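I have placed the structure first, in the form of structure tokens, so that the comments after it can refer back to it.
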Amino acid sequence: MRFGLDVAQQRMPFSEVVARAQLADTAGFDGVWGFDHFQPMYGEGPGECFDGNATLAALTGVTSRVRLGLLVTGMTYRHPSIFVAEAITIDHASNGRYELAYGAAWFDKEHRELGIPFPALKDRIDAFEEAVQIIRGLLTTDKFTFEGKHFQVRDATLNPRPVQQPHPPIWIGASGEKRTMPIAAHYADVWHCFGPVEFLGPKSERLSGMAEAAGRDPAEILRAGSLSLEDDWDTVRTNVDAWGDAGFGYLVCGWPPQGRRRVDEFASRFLA
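Everything in the sequence shown is counted per our numbering, starting at 700 for the first residue and increasing by one.
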């Protein structure tokens with residue numbers, strides 16, 4: 700089992716974000732994860748919230764081993780071509796430690812308050828499916844052309860190519876079995892979803908069927924879930940084992956309210 704640590708870059712000074720990332724880097728976590736939002740999602744009132752991609756770029760210079768990603772980058776916040784250029788930059792800055800995680804976005808309050816268009820669900824998912832294809836194309840192809848309803852690129856080339864070939868691992872965050880999970884089944888290297896293992900285990904099995912229908916080996920798609928570090932250690936161990944039994948190979952650990960000492964103890968018990 701591989702483990703990432705969610706550094707949750709909100710309601711704290713940037714120095715604390717850096718400290719959490721460096722803790723993950725030295726403690727043996729596989730990944731550091733932030734989010735792609737511009738306002739705090741939890742808690743009351745205004746507060747600090749640092750841009751996700753800029754944060755990852757900064758963390759490339761203060762970490763040396765751990766991989767870096769956002770759960771997940773929202774399609775609505777930037778044109779897919781711009782996102783690819785940012786992704787390539789972070790991949791080079793980190794010397795190939797970038798995880799490209801993508802989703803259709805959902806935080807309507809943030810869109811409304813900041814004036815960011817937030818299409819209806821069907822249009823948003825249609826645009827997301829187009830954007831995923833553009834991302835893969837621009838990461839791997841010169842003079843790439845795509846003509847969609849929502850996005851178009853024409854004879855487009857972005858250089859340099861990513862450090863990771865053919866491209867950084869593409870994570871797709873998806874829970875909808877009619878639209879978004881089939882997109883993950885077609886295009887994802889990693890599928891991530893929030894929820895308990897009792898809920899996501901059967902979903903993972905259905906994802907396998909979708910992958911087979913798309914002509915893919917389901918084993919090509921790593922399954923990723925989330926893990927709370929707040930429970931007693933016996934419960935945490937039971938949960939980790941249950942995720943493994945359900946076929947999941949990656950767990951993103953939420954930052955616990957007990958703080959750094961709890962993370963250190965988790966690392967000594969589970970990452971040693």
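A virtual CB, placed ideally from N, CA and C, is assigned to each residue, including glycine. Quick caveat, the model's predicted, so the values are computed rather than measured.
For the candidate residues the options, whose alpha-carbon lies nearest to that of residue i?
i    : options                   : result
S907 : F898, V896 and R922       : R922
G948 : L928, D888 and I781       : D888
I833 : G760, F850 and A819       : F850
V649 : F898, N858 and E747       : This structure gives no information on residue 649, because the portion of the chain shown stretches from 700 to 971.
D916 : H885, H891, D944 and S925 : H885
Residue i by DSSP, collapsed to three states: which one?
i    : result
E911 : helix
F702 : strand
F749 : coil
E846 : strand
D822 : helix
H891 : strand
D854 : strand
G727 : coil
R961 : helix
P708 : Checking the displayed sequence, the identity of residue 708 turns out to be Gln instead of Pro. If DSSP states are grouped into helix, strand and coil, Q708 belongs with coil.
R922 : strand
G733 : strand
L837 : helix
R860 : coil
With residue i and residue j assumed to form a contact (beta carbons below 8 Å), what rounded beta-carbon distance in angstroms separates them?
i     : j    : result
G733  : L755 : 7 Å
W954  : A718 : That belief does not hold up - the Cβ atoms of W954 and A718 are roughly 11 Å apart, past 8 Å.
R959  : L722 : 6 Å
A792  : W870 : Their Cβ separation, rounded to whole angstroms, is 19 Å, which puts A792 and W870 out of contact at 8 Å.
T762  : V731 : 7 Å
D1012 : F702 : Residue coverage of the chain in this structure runs from 700 to 971, which leaves residue 1012 outside it and unanswerable.
G900  : M700 : Not confirmed; about 15 Å, so no contact.
S854  : K842 : Residue identity check: residue 854 is Asp in the sequence provided, not Ser. Confirmed, about 5 Å.
Along the chain, where does the beta strand (DSSP E) containing residue i start, and where does it finish?
i    : result
D944 : Premise fails: D944 lies in the alpha helix (DSSP H), W932 to D944, not in any beta strand (DSSP E).
Y776 : Careful: Y776 lies outside any beta strand (DSSP E) and carries neither H nor E.
R766 : R766 to L769
I882 : Element bounds for I882: not the beta strand (DSSP E) but the alpha helix (DSSP H), T879 to Y886.
State yes or no: is the beta carbon of residue i nearer than 9 Å to at least one beta carbon in chain C?
i    : result
A883 : Looking at the structure shown, chain C is missing, and only one protein chain is on hand.
In the DSSP assignment, what are the bridge partners of residue i?
i    : result
G948 : Per DSSP, none; premise fails for G948.
W870 : A800 and V889
Could you check where the alpha helix (DSSP H) with residue i kicks off and where it finishes?
i    : result
R811 : D807 to L813
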